[in-house]
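Only one structure is covered here, and it is reproduced in the block below.
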Amino acid sequence: MSSASFERGYHAFKEQIDSSVAAYFQSCVSCGMCAEACLFYTETNNPEYTPIYKLEPLRKVWEQEYTLWGWLKSSIGLSRKLNDDDLKQWQHYIYDSCTLCGRCSMVCPVGNDIVSMIRKAREGMVAAGHAPEGQIGASKRAVTIGSPMGVKLPALQAQVRHIEKDTGLTIPFDTEGADYMVLLSSMEIMNFPEYLEAIARIMKQAGKTWTLSSQAFEATNSGIQIGSTDIARELVSRVVNAAESLKVKTVISPECGHAYTAIRWEGPNLMGRSFDFKVKHIVEVLDELRAQGLLKTEGFEEQRLTFHDPCQLVRRGGVVQQPRNLMNMISEDFVEMPDAGMMNWCCGGGGGAAAIEEAEELRTQAFMCKKNQLDEVKADALVTACANCRIVMEEGLEAYDMDIPILGLTELLAEHLVEEN
Amino acid sequence: MSQKTIGASLRSQGISRRGFLKFCAATASMLALPPAVIPQIAHALENAKRQSVIWLSFQECTGCTESLTRSHAPTLENLVFDLLSLDYHHTLQAASGDAAEHARELAMEANKGEYLLIVDGSIPTANKGYSTIAGISNIDMFHEVAKDAKAIVAVGTCAAYGGLPKAEPNPTGAVSVEDLITDKPVINVPGCPPIPMVITGIVAHFLTFNTLPELDSLKRPLSFYGQNIHDRCYRRPFYERAQFAETFDDEGAKKGWCLYKLGCKGPTTYNACATAKWNEGVSFPIEAGHGCIGCSEPDFWDAGSFYKALSVPLSGTAQAAGYAVAAGAAMGVAAGAMNMAKRNSARKTHETVSIDDLEREQS
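Chains as they are written, first to last, in our numbering: chain A, 701 to 1121; chain F, 961 to 1323.
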């Protein structure tokens, strides 16, 4: 059995440094704007949480391996080589204090995609054995059991039976040629089964065929979060194979931001080819149904609602207007929080960070950011479209004794569906 | 064909004496000659035999010929063909194939030692096969025709200084006319393309005085290339007041301010664009809103970005600095290749990470 080692990690760093990484490090002017964009810095004022500083190990490898000055400096002893203690120390910066939310990449005045480099740096950390325990566990469960939370097919089938009994609707498995193949995140299966019920009702009203796959129902990609291309590819290929063998037209990524990024954006690159099907986030699909007149709702929420934008949806996917179209269908008093849309602040626990137990205190501190946004709009309830954001924010609200319920957008819409006879 | 005098030829084509004198006056003023020589020009031209010209096109884009056909000045387009007997020009002549080559041989024979050779395009030396006409390589044809020519006019920057084909890395080993000729007068008429009036003006000078015009150190006629564009530019007052356009669409650009900061090479470029202008005197690049790119100067392609402001004249120091930059760039490319090799080898030796590899071995 092979195992992680510093050498493997160093090797992986070398592999990851391509022309864009080199150009990014070369262009960084140390302006510090990325710090102001990162909630781990703004809520702690700790300069060590400056996004570009979190990349110091990768930068060091770039400088010493790929630049003349760096090579000279390290060969005459002016700069120290990267060592295992550095990586051990940086685990906190690269995992605990980064949710891959991408806000830093948006503000960089020289156009450096900083978050893409954190993603790359994680490849080295994984190979060196410096990934957080929580994420290692999640990855192992994802590969062996099929879900990072250890949810097996029988657990899903039990939930499905429960929903079918309650609603009288059928939830199809492995239907060939369906319009949509619906993916779920473990969190939805265990904590928010309302999501699946909502899908069943909405699809029925819209007259679309859909299916779950018994081979691949889990959308969460722990490989992306921990930062291992090899594991990510294994996980994404399960979904791709299932979708292609069922010959579905579209795969719907669930209310989960990073799952969407994993299959929609990283997926084809991991597989090295384009897919035979389309990939859409559930919010994109719902807005399409709305535009086609296939999503009919009645009544309005009277309470004041606000919407939390999942980072991957707005910043990776550009899905900004769609959830607002849907919110306006069912809300009379919809208010936008400050920085809503493209630059909305992260929940504080995405990109696998929520799985890191030892970082809980830091997460709570970073949640001050969302708390301030919520205090400003004084909403009665918070709506979002990511189960992970939802869990993280529920924990955050609890930590600050805030009594604001969080709702999933899909289930909220389903509650207002026009009842058919 | 070349037996008729120019005067007879013009009259047979219905060109009036008045029109002819206007042309002579314009020629005199273009060549910066005193008005007293106008009758001399008229007399000379009227009685001169039409000058036999052989025009050879090598590695070029035909832009110089295009420029010539757009010549204006007193019905110059007609007159140039009446001043000259253009015996060979493979773009403009009607004959083709053997007949065309035969015409060239006849003209060379009949006007031995008297014909004018005009060349556009650079001449490849790395391999004879890079550019041939009728199966004859450029360099062979050039030497054959140049041998008995009275003088050689290198039209366009390619013929004069090598131009674009000679730009780094010069894959064809392109050289200019001057590089190959040491025993004959050579006149350079650079520009990409040159102003048509300059081409005809030089020919008129040659016919009138039977001498070559005065040339500068780069063998350019001083009458056209004696002053730089900047000194004659209508935007010069803005330069003096330090009013510069900073971008191509800012207020300064709209107000017609100086384009120096946008990379205009007017201050280091010697040509007549600012005075003679183009398209019947309508405009020239700076008037159209774009800086001069310095196309009549040697190696203008390799002198850095067209949009980089000049800070120093393109003199020796700049050239040394240029070489230093080029050397740096070459080292950069080499380092880049090494880095890519390093990364690729790292990728080739990638060890797949499985879930069994996520932790260190317990020791």
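Positions of the beta carbon are idealized from the N, C-alpha and C atoms, including for glycine.
Among the options, nearest to residue i - alpha-carbon criterion
i	options	result
V652(A)	G927(A), V983(A), L970(A), T929(A)	Residue coverage of chain A in this structure runs from 701 to 1121, which leaves residue 652(A) outside it and unanswerable.
A943(A)	G967(A), I931(A), I926(A), S928(A)	G967(A)
Q1003(A)	V1035(A), A991(A), W965(A)	V1035(A)
N691(A)	V936(A), K1070(A), L1062(A)	Past the edges of chain A, shown from 701 to 1121, lies residue 691(A), and the structure says nothing about it.
T744(A)	Q1065(A), K1071(A), A1099(A)	Q1065(A)
S1082(F)	Q1203(F), V1115(F), R1180(F)	V1115(F)
T1168(F)	G1251(F), A988(F), Y1267(F), S976(F)	A988(F)
Q1073(A)	L1097(A), G1108(A), N891(A)	L1097(A)
K1308(F)	M1300(F), D1209(F), I1315(F)	M1300(F)
A1070(F)	A1004(F), S1056(F), T1022(F), I1014(F)	I1014(F)
A878(A)	K949(A), L768(A), L853(A), G868(A)	K949(A)
I1111(A)	I1104(A), V1083(A), E1095(A), Y1100(A)	According to the sequence displayed, residue 1111(A) carries Glu and not Ile. The shortest C-alpha separation from E1111(A) is found at V1083(A).
L1026(A)	Q992(A), M825(A), Q857(A)	Q992(A)
S1031(A)	I899(A), H1116(A), G972(A)	H1116(A)
A1286(F)	G1264(F), R1303(F), N1304(F), M1298(F)	G1264(F)
V807(A)	W1045(A), L986(A), E876(A)	W1045(A)
E1104(F)	M1291(F), L1016(F), A1232(F)	L1016(F)
V761(A)	K852(A), K781(A), L768(A)	K781(A)
N1188(F)	E1138(F), R1064(F), P1245(F), A1234(F)	A1234(F)
C731(A)	E1094(A), Y753(A), A723(A), K714(A)	Y753(A)
Y749(A)	C734(A), P757(A), R759(A), G829(A)	C734(A)
N891(A)	H1008(A), C1089(A), P1023(A)	C1089(A)
First and last residue of the uninterrupted beta strand (DSSP E) at residue i
i	result
K980(A)	978-981
N1072(A)	Taken as a continuous stretch (DSSP letters only), N1072(A) belongs to no beta strand (DSSP E), being part of the alpha helix (DSSP H) at 1068-1077.
T1006(A)	1001-1008
V1105(F)	Segment 1098-1106 is the alpha helix (DSSP H) holding V1105(F); no beta strand (DSSP E) there.
T1084(A)	1081-1084
Y793(A)	Segment: none, Y793(A) is in no beta strand (DSSP E) and carries neither H nor E.
Distance between beta carbons of residue j and residue i, contact taken as under 8 Å
i	j	result
M1037(A)	E1076(A)	7 Å
L944(F)	I1056(A)	Absent from the structure is residue 944(F), since the part of chain F shown begins at 961 and ends at 1323.
R1010(F)	S1045(F)	4 Å
Y795(A)	A831(A)	7 Å
I1112(F)	I1141(F)	6 Å
L800(A)	G1051(A)	3 Å
S1136(F)	G1151(F)	So it is not a contact: roughly 14 Å between Cβ atoms.
H711(A)	A827(A)	7 Å
Cβ-based neighbour list, residue i, same chain, cut-off 8 Å, excluding 5 preceding and 5 following
i	result
E888(A)	Y895, L896, P954, E955, C956, A1087
H1310(F)	none
K1221(F)	F1204, A1205, E1206, A1269
Same chain only: Cβ atoms within 7 Å of residue i, ignoring 5 sequence neighbours per side
i	result
V729(A)	V810
K1110(F)	G1073, E1074, Y1075, L1076
P1034(F)	With a pLDDT of only 42 at P1034(F), under 50, the local geometry of the prediction cannot be trusted, and the value read off the model is given with reservation. Closer than 7 Å at Cβ, skipping near neighbours: G979, K982, F983, A986.
First and last residue of the uninterrupted alpha helix (DSSP H) at residue i
i	result
I859(A)	Residue identity differs from the one stated: residue 859(A) is Gln in this sequence, not Ile. Segment 853-867, the alpha helix (DSSP H) holding Q859(A).
N969(A)	967-971
W762(A)	756-766
E897(A)	894-906
N1028(A)	1021-1030
V843(A)	833-844
N1071(F)	First-last for N1071(F): undefined, no H or E at that position.
L1113(A)	1109-1115
Proximal residues to residue i (C-beta, below 6 Å), its chain only, five neighbours per side dropped
i	result
S1275(F)	Caution applies to S1275(F), whose pLDDT of 44 falls short of 50 and renders its modelled position unreliable; the value that the coordinates give is listed next. Correct list: empty, nothing qualifies.
R938(A)	A916
L1036(F)	Annotation note: pLDDT 48 at L1036(F) (below 50); position unreliable, coordinate value reported separately. T1160, listed in sequence order.
A1086(F)	T1132, G1133
T961(A)	Q1012, R1016
P1105(A)	A1081
K773(A)	S779
P1145(F)	A1111, L1172
Residue-level contact to chain C via CB, residue i, 8 Å cutoff
i	result
N1098(F)	The structure shown contains no chain C; its protein chains are A and F.
Near the ligand NAD: residue i beta-carbon under 7 Å from a heavy atom
i	result
T965(F)	Annotation note on the ligand NAD: not contained in the displayed structure, which lists no ligands.
*Using a Cβ-Cβ cut-off of less than 9 Å, give me the residues of the stretch 758-775 of chain A that come near chain F, in sequence order.*
Legend: CB atoms of the stretch 758-775 of chain A lying less than 9 Å from CB atoms of chain F belong to residues E765, Y766, T767, L768.
*May I ask you to list, following chain order, the residues of the stretch 829-851 of chain A that have a beta carbon less than 8 Å from some beta carbon of chain F?*
Going along the stretch 829-851 of chain A in chain order, one finds G829, A831, I836, S839, K840, V843, T844 with a Cβ nearer than 8 Å to chain F.
*Taking Cβ-Cβ distances below 7 Å as the criterion, which residues of the stretch 910-932 of chain A are in contact with chain F?*
Residues of the stretch 910-932 of chain A whose Cβ lies closer than 7 Å to any Cβ of chain F, in chain order: S928, D930, I931.
*asked:* If the cut-off is 8 Å on Cβ atoms, which residues from the stretch 1301-1316 of chain F count as contacting chain A, listed in chain order?
replied: Listed in sequence order: K1302, R1303, A1306, R1307, T1309, H1310, E1311, T1312, V1313, S1314, I1315, D1316.
_Residues within the stretch 1172-1201 of chain F neighbouring chain A, beta-carbon criterion of under 9 Å_ = Answer in chain order: no residues at all.
*Between the stretch 934-968 of chain A and chain F, which residues of the former have a C-beta closer than 9 Å to a C-beta of the latter?*
Those residues of the stretch 934-968 of chain A that come within reach of chain F (Cβ to Cβ, closer than 9 Å) are E934.
*Scan the stretch 717-729 of chain A for residues whose Cβ lies nearer than 7 Å to a Cβ of chain F and list them as they occur along the chain.*
Interface annotation for the stretch 717-729 of chain A against chain F: I717, D718, criterion Cβ-Cβ distance under 7 Å.
*For the stretch 806-831 of chain A, which residues have a beta carbon sitting closer than 7 Å to at least one beta carbon of chain F?*
Answer in chain order: V826, A827, G829, A831.
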